[in-house]
Amino acid sequence: MRDLYARFGGGLATIFLSLVLIWLAAMVLAPNLMMIDYALRPNLPPAQIGTKADAWSLDNFLYLANEGVHRAIFFKTIWASALVAAVTLVVCYPIAFWMAQRATPGQLSVALMLVIIPFFINEVLRTLAWFILLAYRGPLNAALQGIGLIDAPIRWQGDGGVLAGMVYAYILFMLLPIYNAIESLDRSQLEAARDLGSPTWRTHWRVVIPHAKAGIATGCVFTFMLAAGSYVAPALLGSPGSRWFTEIIYNWFFEGGDWNRGAAYALTLLVLCLAVVLVTLRIARVNLTDVAK
Amino acid sequence: MSHSVELDGIGMSFGTTRAVSDVSFTVQPGEFFSILGPSGCGKTTILRMIAGFLEPTEGRVLIGGKDMRGLGPNQRPTAMIFQSLALFPLMPVWENIAFGLEARGLGKAERRKRADELLRLIALEGYGDRMPGELSGGQRQRVAIARALAVEPGVLLLDEPLSALDLKLRQHMRAELRALQKRTGVTFIYITHDQSEALAMSDRVAVMSAGLLQQVATPRQLYDNPATPFVARFVGETNAITGRVSAIGDGIARVDTALGPLHGRADGHLAIGQGATLYVRPEALMPGVGANTLRARVSRMDFEGAFALIHGQFADGAALTAAVPSTRLADAPAPGSDSSFFFAPEHAVVLADA
Numbered sequence: 001m002r003d004l005y006a007r008f009g010g011g012l013a014t015i016f017l018s019l020v021l022i023w024l025a026a027m028v029l030a031p032n033l034m035m036i037d038y039a040l041r042p043n044l045p046p047a048q049i050g051t052k053a054d055a056w057s058l059d060n061f062l063y064l065a066n067e068g069v070h071r072a073i074f075f076k077t078i079w080a081s082a083l084v085a086a087v088t089l090v091v092c093y094p095i096a097f098w099m100a101q102r103a104t105p106g107q108l109s110v111a112l113m114l115v116i117i118p119f120f121i122n123e124v125l126r127t128l129a130w131f132i133l134l135a136y137r138g139p140l141n142a143a144l145q146g147i148g149l150i151d152a153p154i155r156w157q158g159d160g161g162v163l164a165g166m167v168y169a170y171i172l173f174m175l176l177p178i179y180n181a182i183e184s185l186d187r188s189q190l191e192a193a194r195d196l197g198s199p200t201w202r203t204h205w206r207v208v209i210p211h212a213k214a215g216i217a218t219g220c221v222f223t224f225m226l227a228a229g230s231y232v233a234p235a236l237l238g239s240p241g242s243r244w245f246t247e248i249i250y251n252w253f254f255e256g257g258d259w260n261r262g263a264a265y266a267l268t269l270l271v272l273c274l275a276v277v278l279v280t281l282r283i284a285r286v287n288l289t290d291v292a293k
Numbered sequence: 001m002s003h004s005v006e007l008d009g010i011g012m013s014f015g016t017t018r019a020v021s022d023v024s025f026t027v028q029p030g031e032f033f034s035i036l037g038p039s040g041c042g043k044t045t046i047l048r049m050i051a052g053f054l055e056p057t058e059g060r061v062l063i064g065g066k067d068m069r070g071l072g073p074n075q076r077p078t079a080m081i082f083q084s085l086a087l088f089p090l091m092p093v094w095e096n097i098a099f100g101l102e103a104r105g106l107g108k109a110e111r112r113k114r115a116d117e118l119l120r121l122i123a124l125e126g127y128g129d130r131m132p133g134e135l136s137g138g139q140r141q142r143v144a145i146a147r148a149l150a151v152e153p154g155v156l157l158l159d160e161p162l163s164a165l166d167l168k169l170r171q172h173m174r175a176e177l178r179a180l181q182k183r184t185g186v187t188f189i190y191i192t193h194d195q196s197e198a199l200a201m202s203d204r205v206a207v208m209s210a211g212l213l214q215q216v217a218t219p220r221q222l223y224d225n226p227a228t229p230f231v232a233r234f235v236g237e238t239n240a241i242t243g244r245v246s247a248i249g250d251g252i253a254r255v256d257t258a259l260g261p262l263h264g265r266a267d268g269h270l271a272i273g274q275g276a277t278l279y280v281r282p283e284a285l286m287p288g289v290g291a292n293t294l295r296a297r298v299s300r301m302d303f304e305g306a307f308a309l310i311h312g313q314f315a316d317g318a319a320l321t322a323a324v325p326s327t328r329l330a331d332a333p334a335p336g337s338d339s340s341f342f343f344a345p346e347h348a349v350v351l352a353d354a
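Keeping their order, the protein sequence lines are chains A and B.
Each residue of the first sequence is one higher than the one before, counting from 1 in UniProt numbering.
Each residue of the second sequence is one higher than the one before, counting from 1 in UniProt numbering.
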């Protein structure tokens, strides 16, 4: 902060600082505080707001804890998001390694274009593309039937469809951090490991992955958070049996008209996601500041 | 356990660029063999072909008599020390050293034991649990050597591993490398562009230029009997005087030069009338008049301690360098004077111009 004052002088630095503070207060702090307030109050008809009945309690949270179906969907959303992160990691790691260590500059720019260009299109439209691809009478089933792999069309929509849509939607958030991390690995380390007789998998396990740990953790955290908070993919590619917790939150707000319970649900999801992220980073021994890079 | 390395007419092309052409030589088991040449001469390419990182486009690499074609670096009895050392920064020193044993499936206790033995060999006992980043340049160097020796290679390949060290440490590590090689008996193939390094450490040296092998010889032979003009100029300091061969007899050739007729050793590939250059080392030139006398104007004298370097110019403008021992400095000509220098014919070499 002293640097800021030294560089811009008292007036300008104060303006910058207050802009940041106002932004944080208005855009981050206030909505969250309001959500906590909502979550702790009961859902009352307008006439009773402000009366004795309008008192703080944990009723909305207890409702979630006692509602078996919602609880199950909540935990399923958490582990399914972890699965999305894991599958995205498995898909991205080889691509990131190839791009960072093996590709020629020409191949690299083509590959980067191929992964980045789809992101110019809105997420809803990209998910809609998967909706069409995976449709019961859609191209994927037609192709599989055409080559004789399956006799009758498969219903892809559901857990599988949601997983595919999310892995596709968040690939860039996993790919780029890992690519950045592996790109900084000195190639002679790979050669040295190979020269010492190490098989490929061991070189990755002992040399590349430890080096890229911060990038991998960053990618997993991003992907997990995005998946847990995703609405479009489960709404379009899911089935009644693969409901996502965000859909239930949506329903409380817009179908059930119970903002208080919706706020409690959203807050629970936020807290648990944060906990998962912090535990992941602790396990990977990565600091939040490394992720921010 | 050490292996011979035989290169049989190997060549390497990258697209249309020829990096190495038709190189053949044999390195004996247990030999300290250097490949010397300026940067871009193809020496690193040769080393990478021996290690298995590159497959030669022509010819064969034989290690211990076995053809290595098709075998990757992890399947060859070689271990390489990289210019950057390539230590694994996230592993402690002992795991670095034992990495090759880990890849061979040895148990942890056994690996630790071997690593500690090697740490003793390189005089770094007790450093096993440090991280490579906590070591000095020379210590990292020794760890890289220990890591390579841990897999008990028949041949150790060293790619200018001393180039990142400062001069004092480099000279110290030269002696240490040489001693380590004698103690382990492993064949060393050492790449360098530093001729004094190659001369001081090696049993034999191969000199490369522009992808071509110039000469393979002991350091002494290389210095005294360069086979090509490139070797004569690249290895050590020399005075080159061009002319034309006018007589050959008894292994001595007479070369008519702008400075008069001069005599030097001839190696049999010369013909009368051929354009040739006479090479004479600075320390072979003495002040005074003798068999081969040269006149030059002395411009400057650099006192270096054990000897003084006298710089001057011949009548035709070519540069002269003579080294005079400090003990005989009284005879040395003063700067600014026209002086005579002479040399014995057996201390000069005559080579046909390329």
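All residues carry an ideal CB built from backbone N, CA and C; glycine is no exception.
Worksheet item: With a CB to CB cut of under 8 angstroms and the five nearest residues on each side skipped, what residues in its chain are close to alanine 284(B)?
Response: In chain order, Phe343, Ala344, His347 and Ala348 place their CB closer than 8 angstroms to the CB of alanine 284(B), counting only its own chain and leaving out the 5 sequence neighbours on each side.
Practice prompt. Could you tell me which of Val207(A), Val279(A) and Met166(A) sits nearest to alanine 228(A), measuring between CA atoms?
Written response: Taking only the C-alpha atoms, the option nearest alanine 228(A) is Met166(A).
Fill in: Per-residue DSSP class, three states only, for lysine 66(B)
Note: lysine 66(B) maps to strand in three-state DSSP.
Worksheet item: Cα-Cα, which of Leu222(B), Ile97(B), Gly9(B) and Cys41(B) is closest to threonine 57(B)?
Response: When only C-alpha atoms are compared, the closest one is Gly9(B).
Worksheet item: Taking Cβ positions only, does valine 246(B) come closer than 8 angstroms to chain A?
Response: According to the sequence displayed, residue 246(B) carries serine and not valine. By this cut-off, serine 246(B) is not an interface position.
Fill in: Of the residues Asp258(A), Val232(A), Gly256(A) and Pro240(A), the one placed nearest threonine 246(A), counting alpha carbons only
Threonine 246(A) has its Cα closest to that of Val232(A), out of Asp258(A), Val232(A), Gly256(A) and Pro240(A).
Item to complete: Would you list the one or two residues that DSSP bridges to glycine 275(B)?
Response: Beta-bridge pairing links glycine 275(B) to Arg244(B).
Worksheet entry | Completely contained alpha helix (DSSP H) runs for the segment 118-152 of chain B, where each covers 4 or more residues | With a minimum length of 4 residues, the unbroken runs of alpha helix (DSSP H) contained wholly in the segment 118-152 of chain B fall at 137-150.
Fill in: Burial state of glutamate 125(B), where buried means 16 or more other Cβ atoms lie within 10 Å
The residue is exposed, with fewer than 16 neighbouring Cβ atoms inside 10 Å.
Worksheet item: Quick one, are the C-beta atoms of residue 303(A) and serine 239(A) less than 8 angstroms apart?
Response: Lying outside 1 to 293, the shown extent of chain A, residue 303(A) is not represented and no answer is given.
Discussion item. I believe asparagine 260(A) touches asparagine 60(A) by the beta-carbon criterion, under 8 angstroms. Please report the beta-carbon distance rounded to the nearest angstrom.
Written reply: Right, the Cβ-Cβ distance comes to about 6 angstroms (below 8 angstroms), so this counts as a contact.
Worksheet item: Just to confirm, are alanine 198(B) and serine 4(B) a CB contact at a threshold of 8 angstroms?
Response: No, these two residues do not count as a Cβ contact at 8 angstroms.
Worksheet entry | Opening and closing residue of the alpha helix (DSSP H) in which arginine 231(A) lies | Looking at the sequence shown, residue 231(A) is not arginine but tyrosine. It is not in any alpha helix (DSSP H) - tyrosine 231(A) carries neither H nor E in the DSSP assignment.
Worksheet item: Roughly how many angstroms lie between the CA atoms of leucine 294(B) and leucine 278(B), to the nearest whole one?
Response: Straight across, the Cα-Cα distance linking leucine 294(B) with leucine 278(B) is about 12 angstroms.
Practice prompt. Please report the residue range of the beta strand (DSSP E) in which threonine 327(B) lies.
Written response: Note, threonine 327(B): premise wrong, no beta strand (DSSP E); not H, not E.
Practice prompt. Would you check if there are 3 or more beta carbon pairs closer than 8 angstroms linking the segment 127-146 of chain B to the segment 277-284 of chain A?
Written response: No: fewer than three Cβ pairs fall under 8 angstroms.
Worksheet item: Between the beta-carbon of threonine 218(B) and the beta-carbon of serine 2(B), is there less than 8 angstroms?
Response: No. Outside cutoff.
Discussion item. Pull the bridge partners of glycine 260(B) from the DSSP assignment, please.
Written reply: Glycine 260(B) is bridged to Thr257(B).
Worksheet entry | Whole-angstrom distance between leucine 108(A) and arginine 140(B), CA atom to CA atom | Each residue's alpha carbon lies about 34 angstroms from the other.
Item to complete: Could you check which residue in Val20(B), Arg18(B), Ala19(B) and Thr26(B) has the C-alpha nearest to that of leucine 7(B)?
Response: Checking every option, the nearest Cα to that of leucine 7(B) belongs to Thr26(B).
Discussion item. Does chain B have any CB closer than 8 angstroms to the CB of arginine 202(A)?
Written reply: Cβ-Cβ to chain B under 8 angstroms: yes for arginine 202(A).
Worksheet entry | Contact between the segment 77-96 of chain B and the segment 156-164 of chain B (3+ Cβ pairs under 8 angstroms) | Three or more Cβ pairs drawn from the segment 77-96 of chain B and the segment 156-164 of chain B lie within less than 8 angstroms of each other, which places the two stretches in contact.
Discussion item. Just list the residues that DSSP pairs tyrosine 190(B) with in beta bridges.
Written reply: According to DSSP, tyrosine 190(B) bridges with Ser34(B) and Leu158(B).
Discussion item. What does the Cβ neighbour count give for asparagine 287(A), buried or exposed, with the cut at 16 atoms within 10 Å?
Written reply: Here asparagine 287(A) is exposed. Its C-beta has fewer than 16 other C-beta atoms within 10 Å.
Practice prompt. Just tell me which of Tyr5(A), Lys52(A), Ser18(A) and Cys92(A) has its CA closest to the CA of isoleucine 182(A).
Written response: Considering only alpha carbons, the answer is Cys92(A).
Practice prompt. Could you name the residues that DSSP lists as bridge partners for aspartate 338(B)?
Written response: Within the DSSP secondary-structure output, aspartate 338(B) pairs in a beta bridge with Arg297(B).
Worksheet item: Less than 8 angstroms separating the beta-carbons of glycine 275(B) and leucine 196(A)?
Response: Against a cut-off of 8 angstroms, the Cβ pair of leucine 196(A) and glycine 275(B) comes out as no contact.
Worksheet item: Would you say serine 198(A) reaches chain B, if we count a Cβ-Cβ gap shorter than 8 angstroms as a contact?
Response: Chain B contact via Cβ: present.
Worksheet item: DSSP beta-bridge partners for isoleucine 310(B)?
Response: Met301(B) and Ala322(B), per the DSSP bridge assignment.
Worksheet item: Using a C-beta cutoff of 8 angstroms, does leucine 90(B) count as contacting chain A?
Response: With its beta carbon less than 8 angstroms from one in chain A, leucine 90(B) belongs to the interface.
Worksheet item: Quick one: any contact between the segment 68-80 of chain B and the segment 242-249 of chain B, if contact means 3 or more CB pairs under 8 angstroms?
Response: No, the segment 68-80 of chain B does not touch the segment 242-249 of chain B.
Fill in: Straight-line gap, alanine 46(A) to alanine 53(A) (C-alpha atoms, nearest Å)
Note on residue identity: the sequence assigns proline, not alanine, to residue 46(A). Roughly 12 angstroms between the two C-alpha positions.
Discussion item. So serine 163(B) contacts chain D; which residues on that side make the cut at Cβ distance below 8 angstroms?
Written reply: The structure shown contains no chain D; its protein chains are A and B.
Worksheet entry | Range of the contiguous alpha helix (DSSP H) that encloses arginine 18(B) | In the DSSP assignment, arginine 18(B) falls outside any alpha helix (DSSP H) and lies within the beta strand (DSSP E) extending over 17-27.
Worksheet item: Do alanine 103(B) and serine 198(A) come within 8 angstroms of each other at the CB atom, strictly closer than that value?
Response: Less than 8 angstroms separates the beta-carbon of serine 198(A) from that of alanine 103(B).
Discussion item. Would leucine 175(A) and alanine 96(A) qualify as a contact pair, given that the criterion is a beta-carbon distance under 8 angstroms?
Written reply: Yes; because the gap between Cβ atoms is below 8 angstroms, this pair is in contact.
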